[in-house]
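For the sequence shown, this note's numbering begins at 2 and goes up steadily by one.
Quick reminder that beta carbons are idealized off the backbone N, C-alpha and C, glycines included.
What follows is a short report on a single structure.
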Amino acid sequence: MTGLNRNVVKKIDRARLSGLYTEEDGDKERKLRKPACYLGIDEFKLHDGRRYATVIIDLKMGHVLWLAYSKKKQVVYDLCDFVGEEWMSKVEAIACDMNADFERAFLKRFPRLDVVYDHFHLVKNFNEKVICKVRKDKQARLKDEGDADAARALKHSTYILMSCADTRKRKEQDARAGKVVLRGSALFGKQEATQKGGSRQRYKDLIAQNELLAACDIVGEMLCRVYGYRQQKRMRDAMEQIVEVCRGTKDRHFAKVRQARRVAHGGDRRTCTPPYQQRQGGRHEPDDQDAQEGRLGIS
2 MTGLNRNVVK
12 KIDRARLSGL
22 YTEEDGDKER
32 KLRKPACYLG
42 IDEFKLHDGR
52 RYATVIIDLK
62 MGHVLWLAYS
72 KKKQVVYDLC
82 DFVGEEWMSK
92 VEAIACDMNA
102 DFERAFLKRF
112 PRLDVVYDHF
122 HLVKNFNEKV
132 ICKVRKDKQA
142 RLKDEGDADA
152 ARALKHSTYI
162 LMSCADTRKR
172 KEQDARAGKV
182 VLRGSALFGK
192 QEATQKGGSR
202 QRYKDLIAQN
212 ELLAACDIVG
222 EMLCRVYGYR
232 QQKRMRDAME
242 QIVEVCRGTK
252 DRHFAKVRQA
262 RRVAHGGDRR
272 TCTPPYQQRQ
282 GGRHEPDDQD
292 AQEGRLGIS
């Protein structure tokens, strides 16, 4: 639009950010200006989908502090080396997903840090590692038993089972309002599509037909609520209840949630105390190795 080369724009913006968030120390090196109490770290795919980058932010201010290629531990070491021990001494906790490399890297350099698994990734893992697995197991059993109709009812139900109550309610409202979800195209022969209703009723039917899916519903809603609690004891009690519900199912997939108790009690320097700003996810993310290491076990 301006005719400027994108590399020129990049240099201009980098200089702007450098002036806002860094300063020169005695040896003329740039250092981060203000210490952060809580850091958040996550990896993301780049455009080609085969490479990753890692971003580290100040959770309290929302500022991006570090951006680097790859999702390996070296990214954490590079940040720690750049900011120095004095700056890192002000950091109290790290929020991350269940990527063991990030956690181990921070704790290797600074064992005193608390590591917190944020709401978004906790719910994401529960979706993928418990709900999806339970649905697949149930569908396979129904096929083996020759109940083709019941197995067919579970087909294409993953999204509905993973969606939260607010999402299902919103879709029903959109369906009644006739909201367009896909525009038509005469050129490509596509017809306009509106939001379909019935997701709430289908969800009720699915959990009514299977006890494990009903347990998924209970645990999923409990996980969505627990991160809204501001009192540590209340959160601990809620995590205990989640563990008890999972244990009561006697299902191998739910068994992987049992290590949540250690997180709820702050064991091994992991805590669920919520002074951090979690991302809120609309859907309900650890293996036996993770459980043995004392990490929150939903994998």
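For this session: With DSSP as the reference, label Ser19 as helix, strand or coil.
Result: helix
Exercise. Taking the alpha helix (DSSP H) that Glu245 falls in, what are its first and last residues?
Worked result: 233-250
Problem set entry | Inter-residue spacing [alpha-carbon to alpha-carbon] between Leu207 and Val244 | 23 angstroms
Exercise. Expressed to the nearest angstrom, what Euclidean distance is found between the alpha-carbon atoms of Phe127 and Asp43?
Worked result: 18 angstroms
Exercise. Going by other Cβ atoms of all chains shown within 10 Å of its Cβ, with 16 needed for buried, is Leu143 buried or exposed?
Worked result: buried
Exercise. When we look at the beta-carbon of Ile95 and count the other beta-carbons within 10 Å, is it buried (16 or more) or exposed?
Worked result: buried
For this session: Give the DSSP-derived three-state secondary structure of Phe111 in the structure shown.
Result: coil
Problem set entry | Local conformation of Tyr70 per DSSP, three classes | strand
For this session: Count the other C-beta atoms from every protein chain shown that fall within 10 angstroms of the C-beta of Gly20, then say buried if there are 16 or more, exposed otherwise.
Result: exposed
Problem set entry | DSSP three-state assignment for Glu93, whether helix, strand or coil | coil
Problem set entry | Status (buried if at least 16 other CB within 10 Å, exposed otherwise) for Phe107 | buried
Problem set entry | Cα-Cα separation between Leu216 and Asp238, rounded to whole angstroms | Position check: residue 216 holds Ala in this sequence, whereas Leu was assumed. Spanning the two alpha carbons is a distance of roughly 18 angstroms.
Problem set entry | Environment of Thr272 [buried if 16+ CB atoms lie within 10 Å] | Legend: pLDDT at Thr272 = 40, less than 50; position of this residue unreliable, value from coordinates given subsequently. Thr272 should be labelled buried.
For this session: Consult DSSP for Tyr228 and reduce its assignment to one of helix, strand or coil.
Result: coil
Problem set entry | Terminal residues of the alpha helix (DSSP H) in which Val258 lies | Careful: Val258 lies outside any alpha helix (DSSP H) and carries neither H nor E.
Exercise. Which value, in whole angstroms, describes the spacing of the CA atoms of Lys73 and Val181?
Worked result: 42 angstroms
Exercise. Grouping DSSP H, G and I as helix and E and B as strand, with all else coil, what is Gly85?
Worked result: helix
For this session: Could you tell me whether the Cβ atoms of Leu80 and Ile57 are closer together than 8 angstroms?
Result: yes
Exercise. Would you call the region 217-228 and the region 109-127 in contact, with 3 or more CB pairs under 8 angstroms?
Worked result: yes
Exercise. Can you tell which of Lys172, Glu222, Ser186, Ala194 has the C-alpha that lies nearest to the C-alpha of Gln202?
Worked result: Lys172
For this session: List the residues that DSSP assigns as beta-bridge partners of Gly41.
Result: Ile58, Ala96
Exercise. Quick check: the region 152-167 against the region 133-140, are there 3 or more CB pairs under 8 angstroms?
Worked result: yes
Exercise. Where does Leu188 land, buried or exposed, given buried means 16+ other C-beta within 10 angstroms?
Worked result: exposed
Exercise. If we ignore side chains and look at the alpha-carbon of each, how far apart do Lys134 and His254 end up?
Worked result: 7 angstroms
Exercise. Between Ala54, Gly179, Cys38, Tyr39, which lies nearest to Phe45 when the distance is taken from Cα to Cα?
Worked result: Ala54
For this session: In the DSSP assignment, find the beta strand (DSSP E) that holds Leu183 and state where it starts and stops.
Result: 181-183
Exercise. Residues in its own chain within less than 8 angstroms of Ile219 by CB, not counting five upstream and five downstream?
Worked result: Val246
For this session: Measuring alpha carbon to alpha carbon, tell me which of Lys11, Met240, Ala194, Asp167 ends up nearest Tyr204.
Result: Asp167
For this session: Quick one: grab the DSSP three-state call for Ser186.
Result: strand
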